[in-house]
Each structure stands twice: as C-alpha cells, then as structure tokens.
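Asks: Quick one: structure below, then a few questions.
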Amino acid sequence: MDRATVDATIRTLIEPFNKKEVTIAEETTFAGDLEFDSLTVMDFVAAIEDEFDIIISMNQQAEIEKYGQLVDAVFKSKDG
Amino acid sequence: MSEGTSTPDLFSKFDPLIEQRRALLEHGLTDPFSLVMEKVLSPTRAICNGRDTILLGTYNYMGMTFDPDVIEAGKQALTDFGTGTTGSRVLNGTYQGHKECEEALKEFYDMDHAMVFSTGYLANLGIISAIAGKGDYIVLDIDSHASIWDGCAMGNAEIVPFKHNDIEAMEKRLKRIPEGAGKLVVIEGVYSMLGDVAPLKEMVRIAKENGAMVLVDEAHSMGFIGKNGRGVVEDVDVMDDVDFIIGTFSKSVGTVGGFCVSNHPKFEIMRLVCRPYVFTASLPPSVVATAATSIRKLMHGSNKRAHLWENSRNLHQGLRDLGFQLGTEEAQSAIIAVIMPDLEKGAAMWEALLHEGLYVNLARPPATPANMTLLRCSLCAEHTEEEVRTILGMFERAGKAIGII
C-alpha cells in the first residue's frame, strides 16, 4: 500500500467526523482546525485502526497533531 | 518596567473552568463542590448546611463506618500504637496492624498475596506503572478511573484503549499487538459513573486466550457482589484467571487505603518496585485496625448484602417509574446514575434535592462518559426500605420543580 492510497482511505474515514467540512490538507490540525474533542478522537482512531488492522497507541497519538503526520504514521505501520 | 518581561500566569489555562463555575454560581446556586458536612449522624445521615440530610452519595455501601466493633478496634490501636507511623511501609512504617490487615485480605479473597497501599488511587498507580514497562502494552477500557489512567501515564508501556465494555473492540486490539510483547488488560468490575458492570466472563477469557495478564479493579463491588463479596470476578466465576485484583478501603470497608491481591508467585517483589508504595507514609495504625476488623466482618455480611440489593432494585424501579432516565436498564450495582439533560439543570436538581434533605453526587465532564451530567445515587445497606420511599418522594418533588419529569 503506497502513501497516496493510505491518504485516500483516511480522507474517506474522516468525512463523518469532519462536521464543519473543513478542507483537509497535510497541515490541517485535529485539535485546532477540525476541533476534535477526546471522544471524537477515540472514535476516529478506532475507525482507522479497524480499517488498516493496526494499533495507534495513545503514546503515538500524542505525537500526531496534523493530518499529514497521521498519514505518515499509518503508512509506516502498514509498511513496517 | 515590566513591559516585554511580563510573567506568564500559569493559571491562565484554568480560565475557561473558572468562567464556567462563575456562570453556574451567579444565579445563586449552592456550589455543588464545596459542601461541608457539619455533623455525621450515621452511615446514612448527616447535618449539611444545618439540615438533617439523607446521604445517598457516599461509597459507604455496607455501612461499616459506625460499626461498634470497627470503632473499638480503631480506638484500641490509637491507644496501643499511636496516631501514625511517620514512615514508609519498607522502612519503619510496617506495624503488626499492617500485616494483620494483609492477612485479613488474603483470607477474604482466598489469595496468596496481599499488599496494602495508603489509598486505592496509589494501588492502581503503583501496580500498573510497575508491572507494565517499556515495550509492554496496556489494553484498557476507555472509561477507566483516573487512577488507572494515571498509572498508565506514569509507566512507559504503550497505552491502547478500547470502547467501553466492548468485547470485540478489546479482542481486536489484543490480536494486533506485536508477537512477544507483554500484555496487561485492565478492566473494572463496576464502573462508578453509570454503575454498570463489565462483561468480565468473556473479557477475561479473551484476555487469557491472547496471552495477556489481567488486572481487575473491584473498588465498587467489594463486600456485596459475588457469593463472598469478592466482586464481579467471583460473581461470574473467573477469580482463578485474574492475575491482580485492586481494591480500596474507602468504600465498603469504610475507612481509607488501597490494596492489591494476587496469586502471582513473584508478587512480593512489588513491595520494592512500586514507587507509590515505597515513597509515601503507611496508613496510621487505627486505620489498618479498623480496615482489618471491617474486612473480617464483611466476610459474614450476607444479610446486609441482600438488603443492599433490595434497596438498589427498589430505587432503580422507583426512579424509572417516575420517568427519570437512568444509566443502566436494571440495577447492576449499588450505584444508580440519573442522567440530567445538562449541567445547569443537573446543578439545579442537585440543589433542590439538598433542600429536600437529600445528598447525591453531581458528576460532570470530564469525569463522566460521553460528556453527561449525572446525579449519582449510591445506596447503603443501612438505608431502610422506608428511607428509599422517602428518597423517591424527594426526587419526584425536585424533578417536577426543575422540570425534568
């Protein structure tokens, strides 16, 4: 799976959580731009984990602030 | 002079909370988080703001706080051993009473090892942070108590939460953990916000099948769930598959303190590696004496247990009939959570009940799941059937006055 495929899949997964229909870019932040609260983060992370069959631990989540970082982290998990 | 070198106020991060409190209290509401009990008359009654009040928001489930034998044991220990140990359990802070308390716990749970901490919070903090280290994984319920989360934060393990009480979500995450990594599953028997019980039978089985150790926090079940009051683990017959049970003395036992019991053959090493055990003062002699006496009495508390369950079912049914929205479909524990439409109505209802002469707990985010505001009622084995009827009358009047029912 290449990075573009991971990106496209996450873009689909984020739609139901993107209530304000913010345009998603690499630099889009989850807390600031998308205004995700902790409950939304939990559901969104669970959706990604189930789709890619990976774990994104809380420790990893703490390092992810921007959309692009999330794509990188998922890509790396699938790759490694 | 100060221009350009102004000191950032570290408290500015609390401004939103300060503002929310101010807005809530400006309408003349009693501050729900500053209540003082002037006099405590019994496990179920106190004088609050000069008024005789029924207590329906304590964790005094088995009503042990005024038990004459328990009080006598505490007085004797005060006389014989003094007011405090002034030392850590591993230095000068282990007295005869601490060992006797651990013996009582081993008998109560029929387990090989027991370790007493100064609070339940410290028990979770110490055990979880000590046993799950770098490269290990902790899989835990998202609605876990703050002490569990803080234990996770204090250690270096990878933290993987799953949706509350969701067996499938837990299993999926366990199966994704890299081969060879150490795994700890952390679950609570009873979740204290909604008073709901975990599907422990399935969860413990799945955890074991996937090579995980299991820690169950039974703080809100000790004394009255399970044939011998050992908790949900006993009720669903998984005691033998659980590696660690964490509990507290500040609920059914009726004093303060925490503990972990286990059959792990190497368990005693915990006394040297748990920092919240080593680097804090041990419990005062009177506290461990009251705890040991209370634990031994709880072993024979089957009548009280039965009455507590009657109270819980009666209150649940009664509130439901009145039209309140409750946290569980049926009474699953001694906690009945009444769901409020919002914080403002919840605070108003809390105050109206207090004026009626009833104390319940107001619980609000972030302590609550799904941002709910709850009025949490916790029953006591010493509440009479008549008191439960009185309580329902108070809820009816207050609920109508505030416009919730």
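Chains A and B, in that order, give the protein sequences.
According to this note's numbering, the first sequence is numbered sequentially starting from 1.
According to this note's numbering, the second sequence is numbered sequentially starting from 1001.
All C-beta atoms, glycine included, are put in the ideal place defined by N, C-alpha and C.
1) Taking any Cβ of chain A, which residues in the segment 1169 to 1181 of chain B have a Cβ under 8 Å from it, in chain order?
2) At a Cβ threshold of 8 Å, is residue 1212 (chain B) touching chain A?
3) Check the Cβ of residue 1160 (chain B) against every Cβ in chain A and list those closer than 8 Å, keeping chain order.
4) Assuming residue 1367 (chain B) contacts residue 39 (chain A) under a Cβ cut-off of 8 Å, what Cβ separation, rounded to an integer in Å, is found between them?
5) How about residue 73 (chain A): is its C-beta nearer than 8 Å to some C-beta of chain B?
6) Return the CA-CA distance between residue 1396 (chain B) and residue 1389 (chain B), expressed in angstroms with no decimal places.
7) Along chain A, in chain order, which residues have C-beta atoms closer than 9 Å to that of residue 1163 (chain B)?
8) May I have a chain-ordered list of the beta strand (DSSP E) segments no shorter than 3 residues that lie completely inside the segment 1243 to 1297 of chain B?
9) So, is residue 84 (chain A) buried or exposed, given that buried needs 16 or more other C-beta atoms within 10 angstroms?
10) Any beta carbon from chain A within less than 8 Å of residue 1331 (chain B)'s own beta carbon?
11) When the Cα atoms are used, what is the spatial distance from residue 1106 (chain B) to residue 1244 (chain B)?
12) Going by beta-carbon coordinates alone, are residue 1062 (chain B) and residue 1301 (chain B) separated by less than 8 Å?
13) Using 8 Å as the threshold, is the C-beta distance between residue 1140 (chain B) and residue 1161 (chain B) below it?
14) Alpha carbon to alpha carbon, what distance is there between residue 48 (chain A) and residue 73 (chain A)?
15) Is it buried or exposed, residue 1269 (chain B), if we count other Cβ atoms within 10 angstroms and call 16 or more buried?
16) For a test of the three-state rule: what should DSSP assign to residue 1380 (chain B), helix, strand or coil?
17) Name the chain A residues whose beta carbon is nearer than 7 Å to that of residue 1142 (chain B)?
18) Any beta carbon from chain A within less than 8 Å of residue 1370 (chain B)'s own beta carbon?
19) Do you know how far the Cα of residue 1152 (chain B) is from the Cα of residue 1136 (chain B)?
20) Would residue 1242 (chain B) and residue 1216 (chain B) qualify as a contact pair, given that the criterion is a beta-carbon distance under 8 Å?
21) How about residue 1334 (chain B) and residue 1379 (chain B): are their beta carbons less than 8 Å apart?
22) Could you spell out the range, first to last residue, of the alpha helix (DSSP H) harbouring residue 1174 (chain B)?
23) Rounded to the nearest angstrom, what separates residue 1017 (chain B) and residue 1059 (chain B) at their Cα positions?
24) Output yes or no for whether 8 Å exceeds the beta carbon distance between residue 1109 (chain B) and residue 1305 (chain B).
25) Can you check which of these residues, B:1194, B:1253, B:1047 and B:1094, is closest to residue 1069 (chain B) by C-alpha distance?
26) Does DSSP put residue 1113 (chain B) in a helix, in a strand, or in coil?
27) Between the segment 1274 to 1292 of chain B and the segment 1080 to 1099 of chain B, are three or more C-beta pairs nearer than 8 Å?
28) Among B:1182, B:1112, B:1040 and B:1148, which has the Cα closest to the Cα of residue 1240 (chain B)?
29) Quick check: the segment 1260 to 1274 of chain B against the segment 1115 to 1132 of chain B, are at least 3 beta-carbon pairs closer than 8 Å?
30) For residue 1275 (chain B), count neighbouring C-beta atoms within 10 Å of its own C-beta (all shown protein chains included) and say buried if the count is 16 or more, exposed if not.
31) Going by beta-carbon coordinates alone, are residue 1237 (chain B) and residue 1225 (chain B) separated by less than 8 Å?
32) Return the Cβ separation of residue 1214 (chain B) and residue 1190 (chain B) in integer angstroms, given the expectation that the two are a contact with Cβ distance under 8 Å.
33) Determine the chain B residues that contact residue 2 (chain A) at a beta-carbon separation under 7 Å, and present them in chain order.
34) Counting along the chain, where does the alpha helix (DSSP H) carrying residue 1121 (chain B) start and finish?
35) Please report the distance separating the alpha-carbon of residue 1055 (chain B) from that of residue 1377 (chain B).
Replies: Straight from the coordinates:
1) 1169, 1172, 1173, 1176 and 1177
2) In the second sequence, counting from the first residue as 1, residue 1212 (chain B) sits at position 212. Closer than 8 Å: no.
3) To locate residue 1160 (chain B), count along the second sequence from 1; it is residue 160. What residue 1160 (chain B) touches in chain A: 55, 57 and 58.
4) Taking the first residue of the second sequence as 1, we reach residue 1367 (chain B) at position 367. Taking the first residue of the first sequence as 1, we reach residue 39 (chain A) at position 39. Their Cβ separation, rounded to whole angstroms, is 14 Å, which puts residue 1367 (chain B) and residue 39 (chain A) out of contact at 8 Å.
5) Counting from 1 along the first sequence, the entry for residue 73 (chain A) is found at position 73. For residue 73 (chain A), the answer is no, since every Cβ of chain B falls outside 8 Å of its Cβ.
6) Residue numbering aside, residue 1396 (chain B) sits at position 396 when the second sequence is read from its first letter. Residue numbering aside, residue 1389 (chain B) sits at position 389 when the second sequence is read from its first letter. Roughly 11 Å between the two C-alpha positions.
7) In the second sequence, the residue the question calls residue 1163 (chain B) occupies position 163. 42, 43 and 46, listed in chain order.
8) 1244 to 1248 and 1258 to 1262
9) The structure shown does not extend to residue 84 (chain A), since chain A is modelled only from 1 to 80, so the question has no answer here.
10) Counting from one through the second sequence, the residue named residue 1331 (chain B) turns up at place 331. Cβ-Cβ to chain A under 8 Å: no for residue 1331 (chain B).
11) Within the second sequence, the letter at position 106 stands for residue 1106 (chain B). Within the second sequence, the letter at position 244 stands for residue 1244 (chain B). The straight-line gap from Cα to Cα measures roughly 12 Å.
12) Locating residue 1062 (chain B) in the second sequence gives position 62, counting from the first residue. Locating residue 1301 (chain B) in the second sequence gives position 301, counting from the first residue. Contact flag set, yes.
13) On the second sequence, position 140 is the one that residue 1140 (chain B) refers to. On the second sequence, position 161 is the one that residue 1161 (chain B) refers to. Yes.
14) Indexing the first sequence from 1 puts residue 73 (chain A) at position 73. Indexing the first sequence from 1 puts residue 48 (chain A) at position 48. If you take the alpha carbons of residue 73 (chain A) and residue 48 (chain A), they lie about 11 Å apart.
15) As a first step, residue 1269 (chain B) must be located in the second sequence, where it is residue number 269. When all chains shown are included, residue 1269 (chain B) counts as exposed.
16) Reading the second sequence from its first residue, position 380 is the one you call residue 1380 (chain B). Residue 1380 (chain B): coil per DSSP, three-state reduction.
17) Here residue 1142 (chain B) is taken as the residue at index 142 of the second sequence, counted from 1. Within 7 Å Cβ-Cβ: 42.
18) On the second sequence, position 370 is the one that residue 1370 (chain B) refers to. Closer than 8 Å to some Cβ of chain A, the Cβ of residue 1370 (chain B) qualifies, so yes.
19) Translated into the one-based positions of the second sequence, residue 1136 (chain B) becomes position 136. Translated into the one-based positions of the second sequence, residue 1152 (chain B) becomes position 152. Taking the straight line from one Cα to the other gives about 11 Å.
20) Sequence index remark: in the second sequence, residue 1242 (chain B) carries index 242 (1-based). Sequence index remark: in the second sequence, residue 1216 (chain B) carries index 216 (1-based). Yes, the Cβ-Cβ distance between residue 1242 (chain B) and residue 1216 (chain B) is below 8 Å.
21) Counting from 1 along the second sequence, the entry for residue 1334 (chain B) is found at position 334. Counting from 1 along the second sequence, the entry for residue 1379 (chain B) is found at position 379. Contact: yes.
22) The sequence position of residue 1174 (chain B) within the second sequence is 174, counting from 1. 1167 to 1176 is the extent of the alpha helix (DSSP H) around residue 1174 (chain B).
23) The residue you call residue 1017 (chain B) lines up with position 17 of the second sequence. The residue you call residue 1059 (chain B) lines up with position 59 of the second sequence. C-alpha separation (whole angstroms): 27 Å.
24) As a working note, residue 1109 (chain B) is residue 109 in the second sequence. As a working note, residue 1305 (chain B) is residue 305 in the second sequence. No; because the gap between Cβ atoms is not below 8 Å, this pair is not in contact.
25) Counting from 1 along the second sequence, the entry for residue 1069 (chain B) is found at position 69. Nearest of B:1194, B:1253, B:1047 and B:1094 to residue 1069 (chain B), Cα basis: B:1253.
26) Numbered from its first residue, the second sequence carries residue 1113 (chain B) at position 113. Correct three-state label for residue 1113 (chain B): strand.
27) yes
28) Here residue 1240 (chain B) is taken as the residue at index 240 of the second sequence, counted from 1. Here the closest residue by C-alpha is B:1112.
29) yes
30) Taking the second sequence and counting its residues from 1, one reaches residue 1275 (chain B) at position 275. Under this definition residue 1275 (chain B) is an exposed residue.
31) Mapped onto the second sequence, residue 1237 (chain B) falls at position 237. Mapped onto the second sequence, residue 1225 (chain B) falls at position 225. Not closer than 8 Å, so no.
32) Against the second sequence, residue 1214 (chain B) aligns to sequence position 214. Against the second sequence, residue 1190 (chain B) aligns to sequence position 190. That pair is no contact at about 16 Å.
33) As a position in the first sequence, residue 2 (chain A) is number 2, starting the count at 1. Residues of chain B passing the Cβ test: none, with the nearest at roughly 22 Å.
34) Counting from 1 along the second sequence, the entry for residue 1121 (chain B) is found at position 121. Taken as a continuous stretch (DSSP letters only), the alpha helix (DSSP H) holding residue 1121 (chain B) covers 1120 to 1131.
35) Stepping through the second sequence from its first residue, residue 1055 (chain B) is reached at position 55. Stepping through the second sequence from its first residue, residue 1377 (chain B) is reached at position 377. Looking at the two C-alpha atoms, the distance is approximately 9 Å.
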